[in-house]
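Residue numbers (this note's numbering): 6 to 57.
Beta carbons: idealized from backbone N, C-alpha and C, even for Gly.
First up is the structure itself, then whatever we jot down about it.
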């Protein structure tokens, strides 16, 4: 898999978690996990550009 594909999949997972948290769970932990995953996805997306 390419790095950008992994980052895109992580972002879709974050969106799904946030939607699930908004309407079903209402948990602060899910929100924190979503923010952490979003930061990781952005870092994974931009790592190949930083190496050049």
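Contacts around residue 3, its chain only, beta-carbon distance under 6 angstroms, and the 5 residues preceding and following it disregarded: Any question about residue 3 goes unanswered here, given that the chain covers just 6 to 57.
How about residue 12 and residue 46: do their beta carbons lie closer than 8 angstroms? In the chain shown, residue 12 corresponds to position 7, counting from 1. In the chain shown, residue 46 corresponds to position 41, counting from 1. Yes, they are a contact pair.
Distance check for residue 17 and residue 58, CA to CA, integer angstroms please. Since the first residue of the chain shown is 6 and the last is 57, residue 58 is not available in this structure.
By the three-class DSSP mapping on this structure, what secondary structure does residue 39 have? Within the chain shown, residue 39 is the residue found at index 34, counting from 1. Residue state, collapsed to three classes: helix.
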